[in-house]
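Sequential numbering of the sequence shown, starting at 5, is according to our numbering. Backbone N, C-alpha and C define an ideal beta-carbon position, used for all residues, glycine too. Computed from a predicted structure; not experimentally measured.
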Amino acid sequence: AFKRHVLVAAISGIATAGMALQAHAATEVNLGHTLSSTSHYSVGADAFKETLERLSDGEFTVTEHTSGSLGGEREMIEGLQIGTVDVVITSTGPLGNFVPESYVLDLPFLFENYDQARCVLDSELGDELLEKMGEHDLVGLAWSENGFRHLTNSQREIATPADAEGLRVRTMENAVHQEAFRQMGARPTPMAFPELFTALQQGTVDGQENPITVIVATNFWEVQDYLSLTGHVYSPAIVLGSPILLDGLSDEERGWFMEAAAASAQATREEVSRLEREGVALLEENGMTVKIDIDIAPFQEAVQPAYEIFTSEYGTEMLERVQETA
Ligand code: PAF
Numbered sequence: 005a006f007k008r009h010v011l012v013a014a015i016s017g018i019a020t021a022g023m024a025l026q027a028h029a030a031t032e033v034n035l036g037h038t039l040s041s042t043s044h045y046s047v048g049a050d051a052f053k054e055t056l057e058r059l060s061d062g063e064f065t066v067t068e069h070t071s072g073s074l075g076g077e078r079e080m081i082e083g084l085q086i087g088t089v090d091v092v093i094t095s096t097g098p099l100g101n102f103v104p105e106s107y108v109l110d111l112p113f114l115f116e117n118y119d120q121a122r123c124v125l126d127s128e129l130g131d132e133l134l135e136k137m138g139e140h141d142l143v144g145l146a147w148s149e150n151g152f153r154h155l156t157n158s159q160r161e162i163a164t165p166a167d168a169e170g171l172r173v174r175t176m177e178n179a180v181h182q183e184a185f186r187q188m189g190a191r192p193t194p195m196a197f198p199e200l201f202t203a204l205q206q207g208t209v210d211g212q213e214n215p216i217t218v219i220v221a222t223n224f225w226e227v228q229d230y231l232s233l234t235g236h237v238y239s240p241a242i243v244l245g246s247p248i249l250l251d252g253l254s255d256e257e258r259g260w261f262m263e264a265a266a267a268s269a270q271a272t273r274e275e276v277s278r279l280e281r282e283g284v285a286l287l288e289e290n291g292m293t294v295k296i297d298i299d300i301a302p303f304q305e306a307v308q309p310a311y312e313i314f315t316s317e318y319g320t321e322m323l324e325r326v327q328e329t330a
């Protein structure tokens, strides 16, 4: 009886050790983005984590890295390609450097409102663009959202393109955006986002442009007095995965990542909509002078050459398809 007891104890010991090993076999997924833990991207990251961990019953655990601690957006996209980052929530700003087909989405005044933009990203064309990521060592998981971009600066109120003349404006590392600001008469300075706050503080640049979501999440009122609601470009965001992790997964596991990314995008869009309703008042409360009613026609006219440059380089087909879908 003693021997049997010892044997049973030994077997159950092995089983417990096995279970412990299984419990430790969870794969850690590193998710990066450039914004703070109070931002719309963090709301999206939380939804991603909750969904993936629930669907996979703990097979995957997600660790969120905020505030550009894994680098700027361009660097993180490179990280996905070489497998040092697993999932990234990023604007499409630097994406055109990797996937030129995505440049079309960053054309100024392409969309009039959120419904139009979301409808294009949720269409077959949006799916096609997500699949294109696969041709460039990236996995497109879902279209998320950053928001309509507006101009802030430390110098003066901007109501017309002429007011922006000579202003040193930080832009994303995106050729289409740089051209648009050049056409407006401003002096575009491409820069990775993690460097921006200090650059504004030290006066290396006078202004920047970002959605209300980002202006709120980054406390830009501390370094920028003026906000002009130009809404000059819709800034999509995308949830991207690393092929180095995702290509090794089963269809079921990959499906969990897709579902987690869809939940992330949905939660982010809801937060963008909330901040669109409540953010401007919050910025005013924090001392920003907000120019609300802007006649955008002169801005639209000023940025037209950006369209010509885009179509001469990439043709008109993609642009026409976006315009037809919108
Ligand atoms: O300005 C940018 O670089 C982007 O809008 C940001 C803030 C990193 C969010 O994607």
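For His-44, the enclosing alpha helix (DSSP H) covers residues 44 to 59. Taking 8 Å as the cut-off, the Cβ atoms of Leu-250 and Met-292 do not count as close. For Pro-215, the beta-bridge partners assigned by DSSP are Arg-153. According to the DSSP assignment, Phe-102 belongs to no beta strand (DSSP E), since it is labelled neither H nor E.
Contact between the segment 194 to 202 and the segment 177 to 184 is present: 3 or more CB-CB pairs across the two stretches fall below 8 Å.
With three or more CB-CB distances shorter than 8 Å, the segment 241 to 255 counts as touching the segment 142 to 156. Non-local C-beta neighbours of Ala-271 in its own chain, meaning closer than 6 Å and more than five positions away in sequence, comprise Val-47, Gly-48, Ala-51, ordered along the chain.
For Glu-68, the uninterrupted beta strand (DSSP E) segment begins and ends at 64 to 69. The alpha helix (DSSP H) runs lying completely inside the segment 177 to 233 and spanning 4 residues or more are 179 to 187, 200 to 205, 216 to 221, given in chain order. With distances taken between CA atoms, Ala-203 lies nearest to Gln-228 out of Thr-217, Met-262, Gln-228.
Boundaries of the alpha helix (DSSP H) around Leu-125: 118 to 125. If you draw a 10 Å sphere on the C-beta of Ala-285, you find fewer than 16 other C-beta atoms in it, and that means exposed. DSSP places Leu-74 outside any alpha helix (DSSP H), giving it a letter other than H or E.
Note: Glu-32 is bridge-paired with Thr-65 in the DSSP secondary-structure output.
In this structure, Phe-102 is the residue among Thr-94, His-69, Phe-102 with its C-alpha nearest to the C-alpha of Gln-85.
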